[in-house]
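J.:
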């Protein structure tokens, strides 16, 4: 079984996937880290040197390869992964997908502290960040809502989120 965690940047996919991986003893693959490892560049460097379209191509290739070849994996996906190509359909066909739903306010609070690591928001002021996130989420929610399961994260301890994921997946 592969469990794919999806959601907007800052929703806690990396943190939750680590706890979930430890709890059910599944291998953890962070798609962005895997792309960085394969290309020997950080995600911001790939965006800067090659552009987003090139990154999305690398992302698609890595996603397909992992979904076709791995078992007993927690796959933490980038916030944009479900949006491009027919990635969401491939994710749902080859894994159990869980959307970590997080409010704009929570996302803005978390992301304002991480902008230098996030190419899409690096040049957005803290003042404009909530509006940017709200618009972006509005566009992406049509893809995120296709996940097989949704778990709210606002104001919750990571261990409780993991417990709910395990319950929903009957593990």
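Numbering (this note's numbering), first residue to last: 122 to 292.
The beta carbon of each residue, even a glycine, is placed where N, CA and C say it ideally should be.
Every value quoted in this text rests on a predicted model; they were computed, and no experiment measured them.
1. Determine the direct distance from the alpha carbon of residue 125 to that of residue 284, and round the result to whole angstroms.
2. I want to know whether the region 163-177 touches the region 237-250 - three or more CB-CB distances under 8 Å.
3. According to DSSP, is residue 162 part of a helix, a strand, or is it coil?
4. Where does the unbroken beta strand (DSSP E) through residue 271 begin, and where does it stop?
5. Using the C-alpha atoms, what's the distance from residue 209 back to residue 276?
6. Starting from the C-beta of residue 129, find all residues in its chain whose C-beta is less than 8 Å away, skip the five residues before and the five after it, and write them out in chain order.
7. Following the continuous alpha helix (DSSP H) through residue 232, name the residue where it begins and the one where it ends.
T.: Result, derived from the coordinates:
1. 16 Å
2. yes
3. coil
4. 270-273
5. 27 Å
6. 200, 223, 228, 254, 257, 258, 261 and 265
7. 225-232
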